[in-house]
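J.: Take any residue in the sequence shown, count from 1 to its spot, add 4: that is its number in the numbering used here. All C-beta atoms, glycine included, are put in the ideal place defined by N, C-alpha and C.
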Amino acid sequence: MSMQKEIQKKITVSTIKKYKNNKKIVMITAYDALFASIFNDYVDMILVGDSLNMSFLGKNDTLSATMDQMIYHTKAVCNGAKRPLIVFDMPFGSYNTKEQALKNAIRVYKETNADAIKIEGGSERAEIVKYLTDNGIAVISHIGLMPQFVRSEGGYKVRGKSQEDAQILLQDAKKLQDAGAFIVLLEGIKSEVATTITKSLDVPTIGIGAGAGCDGQVLVWSDMFGFFEEFKPKFVKRYLNGANLIREALQNYVNEVREGKFPTDEFSY
5 MSMQKEIQKK
15 ITVSTIKKYK
25 NNKKIVMITA
35 YDALFASIFN
45 DYVDMILVGD
55 SLNMSFLGKN
65 DTLSATMDQM
75 IYHTKAVCNG
85 AKRPLIVFDM
95 PFGSYNTKEQ
105 ALKNAIRVYK
115 ETNADAIKIE
125 GGSERAEIVK
135 YLTDNGIAVI
145 SHIGLMPQFV
155 RSEGGYKVRG
165 KSQEDAQILL
175 QDAKKLQDAG
185 AFIVLLEGIK
195 SEVATTITKS
205 LDVPTIGIGA
215 GAGCDGQVLV
225 WSDMFGFFEE
235 FKPKFVKRYL
245 NGANLIREAL
255 QNYVNEVREG
265 KFPTDEFSY
């Protein structure tokens, strides 16, 4: 199997904008320098997602993630990955007003090397998006199924099932684009609706559970590589059974230590 790297100069907001109708955008999550360095040569964008609250902290949802936690992990990712565009996922409660959003976004830019931030919400967030972009913050808007709304929505629900909801999503996307978002992330949206939104926007869309018609795709790395096993959303394709590979290797280590086979002379001073 060939290892196909895409070595090139640093990817910026301007680079990503040019991908629209030209090149599919590849995005993955990362939370530490080690995995970020592995992903560095292959992907266009890395999202330091608040999903770390579930997959690495063991919480039931993303809502308790804090600015301090997200900044810590973003610093680590930026240390490991120099080429991709790095996105900071603004945690729940950190952008309720435009003033609060700008204060926290400025902190992100000052304390990390993140290139952009991501915030959840539709038309009601347009004023905040505009305020941020007017003040030099690059913003990705996130609509559709929004994990930070899981409690108020009563669960994770696919969007765009009705014509009315599809129209709301399209209007949201256009308003957020007009407010200055340079990407609209579409999550958990019926494929045909996501395709319509993508064709209607001048900025790229990135999908997660929104079909192949988006301008790019993002997956959580621990989902796609088979490390997070509590549940698997329909949209997740597992490219590796990582947890079982670790278990097998760990069992080999345990066996060799128990049986006195490790370390051998090769691994001793």
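What residue range is occupied by the uninterrupted beta strand (DSSP E) comprising Ile141?
T.: Within the sequence shown, the letter at position 137 stands for residue 141. Segment: none, Ile141 is in no beta strand (DSSP E) and carries neither H nor E.
J.: Do you know offhand how far Asp45's Cα is from Arg87's?
T.: On the sequence shown, position 41 is the one that residue 45 refers to. On the sequence shown, position 83 is the one that residue 87 refers to. If I take the Cα positions, the gap works out to 7 Å.
J.: Going straight from the alpha carbon of Ala69 to that of Ala80, what length do you get?
T.: Numbered from its first residue, the sequence shown carries residue 69 at position 65. Numbered from its first residue, the sequence shown carries residue 80 at position 76. If you take the alpha carbons of Ala69 and Ala80, they lie about 16 Å apart.
J.: Which whole runs of the alpha helix (DSSP H) in the segment 44 to 90 are 4 residues long or more, in chain order?
T.: 56 to 59, 71 to 84
J.: Smallest Cα separation from Phe96: which of Val154, Ile210, Met228?
T.: The residue labelled residue 96 in the question sits at position 92 within the sequence shown. The residue among Val154, Ile210, Met228 with its C-alpha nearest the C-alpha of Phe96 is Val154.
J.: Can you tell which of Glu128, Ser145, Asp72 has the C-alpha that lies nearest to the C-alpha of Arg111?
T.: Along the sequence shown, read from residue 1 onward, the residue named residue 111 stands at position 107. Arg111 has its Cα closest to that of Asp72, out of Glu128, Ser145, Asp72.
J.: Quick one: what does DSSP say Glu233 is sitting in, helix, strand or coil?
T.: The residue given as residue 233 occupies position 229 in the sequence shown. The answer is coil: DSSP assigns Glu233 none of H, G, I, E or B.
J.: Would Gly192 pass as a contact of Gly213 if the rule is Cβ separation under 7 Å?
T.: Residue 192 sits at position 188 when you count from the first residue of the sequence shown. Residue 213 sits at position 209 when you count from the first residue of the sequence shown. Closer than 7 Å, so yes.
J.: Label Gly220 either buried or exposed according to how many other C-beta atoms from any shown protein chain fall within 10 Å of its C-beta, with 16 as the threshold for buried.
T.: Position 216 of the sequence shown, counted from the first residue, corresponds to residue 220. Buried, since its Cβ has 16 or more Cβ neighbours within 10 Å.
J.: How many whole angstroms separate the CB atoms of Leu189 and Ile201, which I take to be in contact at a CB cut-off of 8 Å?
T.: Numbered from its first residue, the sequence shown carries residue 189 at position 185. Numbered from its first residue, the sequence shown carries residue 201 at position 197. Rounded, the Cβ-Cβ distance is 11 Å, inconsistent with contact.
J.: Between the segment 176 to 186 and the segment 119 to 131, are three or more C-beta pairs nearer than 8 Å?
T.: yes
J.: Leu244: buried (16+ other C-beta within 10 angstroms of its C-beta) or exposed?
T.: Translated into positions along the sequence shown, residue 244 becomes position 240. Counting Cβ neighbours within 10 Å, Leu244 comes out exposed, since fewer than 16 surround it.
J.: Where do the ends of the beta strand (DSSP E) carrying Thr202 lie?
T.: Here residue 202 refers to the residue found at position 198 when the sequence shown is read from its first residue. Note, Thr202: premise wrong, no beta strand (DSSP E); alpha helix (DSSP H) at 195 to 204.
J.: Hey, Lys134 and Lys165 are a contact pair by Cβ (cut 8 Å); roughly how many whole angstroms apart?
T.: Residue 134 sits at position 130 when you count from the first residue of the sequence shown. Residue 165 sits at position 161 when you count from the first residue of the sequence shown. 30 Å between Cβ atoms; not a contact.
J.: On the three-state DSSP scale, how would you describe Leu174?
T.: Reading the sequence shown from its first residue, position 170 is the one you call residue 174. Of the three classes helix, strand and coil, the one that applies to Leu174 here is helix, per DSSP.
J.: What would DSSP say about Ala120, mapped onto helix, strand or coil?
T.: Within the sequence shown, the letter at position 116 stands for residue 120. In the structure shown, Ala120 sits in a strand (DSSP, three-state: E or B).
J.: What residue from Glu233, Glu234, Lys238, Phe232 has the CA that sits closest to Gly215's CA?
T.: Locating residue 215 in the sequence shown gives position 211, counting from the first residue. Nearest of Glu233, Glu234, Lys238, Phe232 to Gly215, Cα basis: Lys238.
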